[in-house]
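**Q** Take a look at this one; I'll ask things after.
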Amino acid sequence: MKVLIVGGGGREHTLVWKLAQSKKVDKIFAAPGNAGIAELAECVDIAAEDRKALLTFALEKKIDLTVIGPEAPLVSGIVDLFNENGLRIFGFDSRGALLEGSKVWAKEFMRKYKIPTGDFAAFDDYSSAQKALDIGSPPYVVKADGLAAGKGVIICETREEARKAIDSMMKEKAFGEAGARVVIEEYLDGPELSILAIFDGKDYRLFVPSQDHKRAFENDEGPNTGGMGAYAPVPLLDHDLSEKIRIEIIEPTLNGIQAEEVTGAGVIYFGLIITSDGPKVLEYNCRFGDPETQVILPLFKGDLFEILYEATNKNLESVDFENSEDACVCIVMASGGYPGAYEKGFAISGLEDADDQGSIVFHAGTAIKDNKLVTNGGRVLGVTAVARTLREALDKAYRGVDSIEFEGHFHRKDIGHKGLES
Ligand code: GLY
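The sequence shown finishes on residue 463 if you use our numbering, and the numbering steps up by one all the way, no holes.
Printed below as a string of structure tokens:
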């Protein structure tokens, strides 16, 4: 079978790595891919957002299954387009992608299907949004409705900060049309975790729950990033809490998706927070998480190709789905300056030594220049390790990190520590 992966980050390298282990997969293409992906797949120079070029490529190469990494192509309707042209694709249609593509839609969906989440109000009018701040009290969460490259959620400690956030979204159009509507939401406190489900429209299966580290620096300080590392499983999730999440959140969400007549099979990413009032949904995404994928797929014992392919046949029930009981950790090595401005093109060395230490190194922002591996993004590598315990996995992954060198790199030294404390 021929598979096309759309995207070129650490998540996509992990998907390619896992799909390449399937006996059913003969050939993988990646658009656009990266230097690590190029070791396992043929990379083609098509941007993930270029739906038409992707369609032409998939038709020409007679691709058997296309798998979408990032949210933007899903939100702009790549699944609808591929389906109209008779191509098999894993992902939800543009209606299902609204779970991530419109924060207003997602919050109204949660209200309609009684899924626990923070209180909120949605505004498409600037002065009503500003007036609403006088009724509530800080901290406020201000969210742009549409996709904003991970920057559209602003936590505001004061009313003044919230006023500025609304100004930047609705007046200054910092996120273009994505900020034409905003959600003002109750601030929730507690540990966060990510649960990813594969849903075929009828049945679902869950990967091991994981925890991301969104802030740039240790102790959850510094600016928000795409994610500086992840670990799984998450010890705070005992049997009772898992059951509560299944009954109050996961199943009502999947029933809601069916009731909304979403088509396609895809991933629902539940971004959860465990408050003193119980688990609540912070956000949904309609795709695999990054860097969560880097820790959940090494712990997945089944054949990922079979799972994704059969999900598109609404036949998830026919495939074995088993997660390992080991632990897995991914430490992101980032370019100096990330998530702000950073330089690219620095030579990367030491990957073989990291391999020898037992790590799996997933590439996020890398490229080959003059036959050398160089940095090509903010998040550069995800150094990942599996072991029987979280402690052992951390030791192995950090030994891998210590073997790797590129100018200006930094990483968090406390990935997974919350898991060790519980
Ligand atoms: N790790 C956060 C995300 O994938 O959205």
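For every residue, glycine included, the Cβ atom is placed at its ideal position computed from N, Cα and C. Predicted model, so just to flag it, every value in this text is computed and none were measured.
Along the chain, where does the beta strand (DSSP E) that runs through THR425 open and close?
**A** For the purposes of this step, residue 425 is identified with residue 384 of the sequence shown, where counting begins at 1. Taken as a continuous stretch (DSSP letters only), the beta strand (DSSP E) holding THR425 covers 420 to 428.
**Q** Work out the CA separation of GLU198 and LEU115 for me, nearest whole Å.
**A** Residue numbering aside, residue 115 sits at position 74 when the sequence shown is read from its first letter. Residue numbering aside, residue 198 sits at position 157 when the sequence shown is read from its first letter. Taking the straight line joining both Cα atoms gives about 33 Å.
**Q** I need the DSSP call for ILE87, collapsed to helix, strand or coil.
**A** Against the sequence shown, residue 87 aligns to sequence position 46. If DSSP states are grouped into helix, strand and coil, ILE87 belongs with coil.
**Q** Enumerate in chain order the residues of its own chain whose CB-to-CB distance from LEU349 is below 7 Å, with the five nearest sequence positions on each side excluded.
**A** On the sequence shown, position 308 is the one that residue 349 refers to. The residues are LEU106, VAL108, PHE131.
**Q** Could you please give the first and the last residue of the uninterrupted alpha helix (DSSP H) stretch that includes VAL145?
**A** Position 104 of the sequence shown holds residue 145. Start and end: 144 to 153.
**Q** Would you check whether the ligand GLY has a heavy atom nearer than 7 Å to the C-beta of PRO332?
**A** Residue numbering aside, residue 332 sits at position 291 when the sequence shown is read from its first letter. Checking the Cβ of PRO332 against the ligand GLY gives yes.
**Q** Does the beta carbon of GLY268 fall short of 7 Å from some heavy atom of the ligand GLY?
**A** Locating residue 268 in the sequence shown gives position 227, counting from the first residue. Checking every heavy atom of the ligand GLY against the Cβ of GLY268, one is found closer than 7 Å.
**Q** Per DSSP, which one or two residues make a beta bridge with LEU234?
**A** Counted from its first residue, the sequence shown places residue 234 at position 193. Its beta-bridge partners are LEU313.
**Q** How should ARG222 be labelled, buried or exposed, when 16 other C-beta atoms within 10 angstroms of its C-beta is the threshold for buried?
**A** As a working note, residue 222 is residue 181 in the sequence shown. So ARG222 counts as buried.
**Q** Just to confirm the assignment, what range does the alpha helix (DSSP H) spanning THR416 have?
**A** Looking up residue 416 in the sequence shown gives position 375. Element bounds for THR416: not the alpha helix (DSSP H) but the beta strand (DSSP E), 413 to 416.
**Q** Quick one: residues in its chain with C-beta nearer than 6 Å to the C-beta of ILE15, no 5 flanking neighbours on either side, listed in chain order?
**A** The first residue shown for the chain is 42 and the last is 463, placing residue 15 beyond what the model contains.
**Q** Suppose the cutoff is 8 Å on Cβ atoms and the five residues either side in sequence are ignored; what does the same chain contact list for PRO320 look like?
**A** Residue mapping note: residue 320 aligns to position 279 of the sequence shown, counting from 1. So the qualifying residues of the chain are PRO157, LEU282, LYS285, ILE286, GLU289, ILE290, LEU313, ILE314.
**Q** What did DSSP end up calling VAL442 once you bin it into helix, strand or coil?
**A** Here residue 442 refers to the residue found at position 401 when the sequence shown is read from its first residue. The answer is helix: DSSP assigns VAL442 an H, G or I state.
**Q** If distances are taken between C-alpha atoms only, which option among ILE69, GLU448, ALA273 comes closest to GLY378?
**A** Counting from 1 along the sequence shown, the entry for residue 378 is found at position 337. Selected option, being the one with the closest Cα: GLU448.
**Q** Let's see if you can read the secondary structure: which residues bound the beta strand (DSSP E) around LYS43?
**A** To locate residue 43, count along the sequence shown from 1; it is residue 2. Note, LYS43: beta strand (DSSP E), 43 to 48.
**Q** Would you mind sorting SER168 into buried or exposed? The rule is 16 or more other CB atoms within 10 Å of its CB.
**A** Taking the first residue of the sequence shown as position 1, residue 168 is located at position 127. When all chains shown are included, SER168 counts as exposed.
**Q** Looking at chain D, is there any beta carbon in it that lies within less than 8 Å of the beta carbon of ILE236?
**A** Among the protein chains of the structure shown there is no chain D, as only one such chain exists.
**Q** What is the DSSP secondary structure of ILE372, counted as helix, strand or coil?
**A** Position 331 of the sequence shown holds residue 372. Here ILE372 sits in strand by DSSP.
**Q** Jot down the residue ranges of each uninterrupted beta strand (DSSP E) in the segment 311 to 394, minimum 3 residues, whole runs only, in chain order.
**A** Here the runs fully enclosed are 319 to 326, 368 to 375.
**Q** Between TYR325 and PHE311, how many whole angstroms is the CB-CB distance? I'm expecting something under 8 Å.
**A** Stepping through the sequence shown from its first residue, residue 325 is reached at position 284. Stepping through the sequence shown from its first residue, residue 311 is reached at position 270. Sure, about 7 Å apart at Cβ, within 8 Å.
**Q** For the beta strand (DSSP E) containing ILE109, list its first residue and its last residue.
**A** Start at 1 with the first residue of the sequence shown, and residue 109 comes out as number 68. First-last of the beta strand (DSSP E) with ILE109: 106 to 109.
**Q** Quickly, what does DSSP pair GLY305 with across the bridge? List them, please.
**A** As a first step, residue 305 is located in the sequence shown; it is residue number 264 there, counting from the start. BP columns for GLY305 point to PHE133.
**Q** Would PHE362 pass as a contact of ALA306 if the rule is Cβ separation under 8 Å?
**A** Position 321 of the sequence shown holds residue 362. Position 265 of the sequence shown holds residue 306. Contact: no.
**Q** Can you tell me whether DSSP reads GLU201 as helix, strand or coil?
**A** Working through the sequence shown from its first residue, we reach residue 201 at position 160. Three-state result, GLU201: helix.
**Q** Please list, in chain order, all residues of the same chain as ALA147 whose beta carbon is under 6 Å from its beta carbon, the five residues on each side excluded.
**A** One-based indexing of the sequence shown puts residue 147 at position 106. Closer than 6 Å at the Cβ level, and outside the excluded window around ALA147, lie LEU140, TYR325.
**Q** Kindly indicate the opening and closing residues of the beta strand (DSSP E) around PRO264.
**A** Along the sequence shown, read from residue 1 onward, the residue named residue 264 stands at position 223. Where PRO264 is concerned, the enclosing beta strand (DSSP E) stretches over 262 to 265.
**Q** For ILE409, is the classification buried or exposed, using 16 other Cβ atoms within 10 angstroms of its Cβ as the cut-off for buried?
**A** Numbered from its first residue, the sequence shown carries residue 409 at position 368. Classification of ILE409: exposed, given that the 10 Å Cβ count is below 16.
**Q** Within this structure, are the beta carbons of VAL303 and GLY137 separated by less than 8 Å?
**A** For this step, residue 303 is matched to residue 262 along the sequence shown. For this step, residue 137 is matched to residue 96 along the sequence shown. Yes, the pair counts as a contact, with Cβ atoms nearer than the cut-off.
**Q** So who's on the other strand from ALA185, going by DSSP bridges?
**A** Locating residue 185 in the sequence shown gives position 144, counting from the first residue. VAL223.
**Q** So within the segment 251 to 292, which uninterrupted alpha helix (DSSP H) runs reach at least 4 residues, ignoring any that extend past its ends?
**A** List check, alpha helix (DSSP H) in window: 280 to 286.
**Q** Within its chain, find whatever has a CB closer than 7 Å to the CB of PRO339; leave out the 5 residues flanking it on each side and keep chain order.
**A** Here residue 339 is taken as the residue at index 298 of the sequence shown, counted from 1. Correct list, in chain order: CYS369, ILE401, THR425, VAL427.
**Q** Classify HIS404 as helix, strand or coil using the three-state DSSP reduction.
**A** The residue labelled residue 404 in the question sits at position 363 within the sequence shown. Here HIS404 sits in strand by DSSP.
**Q** Any idea if LEU60 is buried or exposed, counting beta-carbon neighbours within 10 angstroms, 16 or more meaning buried?
**A** One-based indexing of the sequence shown puts residue 60 at position 19. Buried, since its Cβ has 16 or more Cβ neighbours within 10 Å.
**Q** Helix, strand or coil: which one does DSSP assign to ILE207?
**A** Counted from its first residue, the sequence shown places residue 207 at position 166. Note: ILE207 maps to helix in three-state DSSP.
**Q** Determine the direct distance from the alpha carbon of TYR272 to that of GLU433, and round the result to whole angstroms.
**A** Taking the sequence shown and counting its residues from 1, the one referred to as residue 433 is at position 392. Taking the sequence shown and counting its residues from 1, the one referred to as residue 272 is at position 231. If you take the alpha carbons of GLU433 and TYR272, they lie about 12 Å apart.
**Q** Using the Cα positions of ALA444 and VAL421, report the straight-line distance between them to the nearest angstrom.
**A** As a first step, residue 444 must be located in the sequence shown, where it is residue number 403. As a first step, residue 421 must be located in the sequence shown, where it is residue number 380. As written in the sequence, residue 444 is Ser, which differs from the Ala given in the question. The straight-line gap from Cα to Cα measures roughly 15 Å.
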